[in-house]
Each structure stands twice: as C-alpha cells, then as structure tokens.
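J.: Position 42 of the sequence shown, counted from 1, bears residue number 71 in my numbering, the numbering being contiguous throughout. Where is the CB? At the ideal position from N, CA and C, for every residue including glycine. Here it is: the structure, laid out below.
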Amino acid sequence: MSADVLPGWRRVLAVVAHPDDESFGLGALLDAFGSAGAEVSVLCLTRGEASTLGEVEGDLASVRDAELRSAATALGVAHTSSLAHPDGALPAVPDEVLRGDVAAEVRRVAPDGLLVFDLVAGVTGHADHEAASVAAVAVGADLGVPVLGWALPSGVAATLRDETGGGFAGHPLDELTEVAVDRTRQLAAVRCHATQAVPGSVLWRRLELLGDREYVRRLA
Numbered sequence: 030m031s032a033d034v035l036p037g038w039r040r041v042l043a044v045v046a047h048p049d050d051e052s053f054g055l056g057a058l059l060d061a062f063g064s065a066g067a068e069v070s071v072l073c074l075t076r077g078e079a080s081t082l083g084e085v086e087g088d089l090a091s092v093r094d095a096e097l098r099s100a101a102t103a104l105g106v107a108h109t110s111s112l113a114h115p116d117g118a119l120p121a122v123p124d125e126v127l128r129g130d131v132a133a134e135v136r137r138v139a140p141d142g143l144l145v146f147d148l149v150a151g152v153t154g155h156a157d158h159e160a161a162s163v164a165a166v167a168v169g170a171d172l173g174v175p176v177l178g179w180a181l182p183s184g185v186a187a188t189l190r191d192e193t194g195g196g197f198a199g200h201p202l203d204e205l206t207e208v209a210v211d212r213t214r215q216l217a218a219v220r221c222h223a224t225q226a227v228p229g230s231v232l233w234r235r236l237e238l239l240g241d242r243e244y245v246r247r248l249a
C-alpha cells in the first residue's frame, strides 16, 4: 500500500501533546498528506517545558517552541498553534478545557479530518499523548470530523518495550492500514529538534523497525 490509502482530505489538523510529536511521530504521515495536496496544520497543547534529552541554553519552553516552528516549516505545515498547558500533566487539565481548545482550533481550521496519536496508551505509553488524543477524538465525534490515529504494529511495539522498557502499545496488522512513506522531510524536521533528537534515543530504533512504512487506524 502507499500514501494513496490515506483519506483524501484537503485540510488536515494534527493534534499533539509536545513539540517534536509532529515530527517524531506524525512527520511522515503529515508529509504524505501534504504531498497529496492537503493543507496541513498542527495544534500542540504544551510547550514541552518539563523535560529534554539534550543540552539547553535559555528557556526550554521558548527553545522547543522555536524548534517546533522550524520543524513545521521543514514538513510544509501551513499553520502551527502552540498552547501552554503543563508538559507532563495534561491528564490533570479538565476535560472541558482541553476539548474547548481543540474545538476552537477545529472551528478555525475547518479540517476535513484530524490526525492524532493512537488512543491506546498514546502509542508510547506517555499519559500526555493519550490525553491529547482523547480530547481530539471527543471533539471529532462532537463536531462530525473524522479522526485518524497513528499506531504501531504489535510486533514493533513489543520489540520497543523489550529493548527500552517503554510503555509502547500496538495492534495486530489486520487492524491497521499500512502506508508507504518517504521519510526525507520527516528526518529534516526531526533534525530541527536538536534538544530531543539525540543519539541513542528510542526514536531512531522505532524508525529503523518501521522502515518505509507507517500504520494508521480510524478512531472516529
């Protein structure tokens, strides 16, 4: 299968928790939508101020926000919005607040569909990822906007759990749609996140395991 198995959406809104999620997780899929002619926007719910994998000089939230905007340019994203909900504590934000923020962006962008991390453990086991996706799926259902989730095959998730101890979750292949992707623009965007794309990061192992394939499933 190839990128033509993706929905023929003309406007796509990605809803993510952290700066780098749009590149590390969704980058190849956003590029596939963009290459098919879609206008792509990103809503990031935090500034990523709570953690970093690399050395940082200056205010981390400002640095990561700048990295997000550079990465969005590399991916051909038309518009990026970043909010300041607490990094590492999205589940503590009241549901109505997160959903209100997502709904406002959906109304502004008027997307044909939303792209998010999968609901099950947010793919990575990070509670922020799951909270962002739960909010987006709820808004999609309320407003009649379909939602597509980026997911991992069970085998890839199991390998990552075994090798890294992370909380990765996946699905059997027969529950997923396989998408052939070109990672050129994704990797350019990844390199914009200098504070996160460090040697030895699980990102590189995941990309190695996935090769030139990504996987999605319909969430709403």
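1. How many Å lie between M30 and F53 at the Cα?
2. Cβ atoms of Y244 and L143: under 9 Å apart, would you say?
3. According to DSSP, simplified to helix, strand and coil, what is M30?
4. Could you spell out the range, first to last residue, of the beta strand (DSSP E) harbouring A132?
5. What is the DSSP secondary structure of F53, counted as helix, strand or coil?
6. Check this for me: beta carbons of A43 and V145, under 9 Å apart or not?
7. Using only CA atoms, which one of G154, E78, E51 lies nearest to G196?
8. To the nearest whole angstrom, what separates the beta carbons of P338 and R40, a pair I think is in contact under 8 Å?
T.: Checking against the coordinates, here is how it stands:
1. Walking along the sequence shown from the start, residue 30 turns up at place 1. Walking along the sequence shown from the start, residue 53 turns up at place 24. The pLDDT assigned to M30 is 38, lower than 50, so where the model puts this residue is not dependable; a value taken from the coordinates is nonetheless given after this. Those two C-alpha atoms are separated by around 22 Å.
2. Position 114 of the sequence shown holds residue 143. Position 215 of the sequence shown holds residue 244. Between L143 and Y244, the C-beta spacing is not below 9 Å.
3. On the sequence shown, residue 30 is found 1 positions in, with the first residue counted as 1. For M30, the predicted structure reports a pLDDT of 38, less than 50, and the residue's modelled location is therefore unreliable. The matter cannot be settled from this model.
4. Within the sequence shown, residue 132 is the residue found at index 103, counting from 1. For A132, there is no enclosing beta strand (DSSP E); the residue is found in the alpha helix (DSSP H) stretching over 124–138.
5. For the purposes of this step, residue 53 is identified with residue 24 of the sequence shown, where counting begins at 1. Three-state result, F53: helix.
6. As a position in the sequence shown, residue 43 is number 14, starting the count at 1. As a position in the sequence shown, residue 145 is number 116, starting the count at 1. Contact: yes.
7. Position 167 of the sequence shown, counted from the first residue, corresponds to residue 196. Closest option to G196, Cα to Cα, is G154.
8. The structure shown does not extend to residue 338, since the chain is modelled only from 30 through 249, so no value can be given for it.
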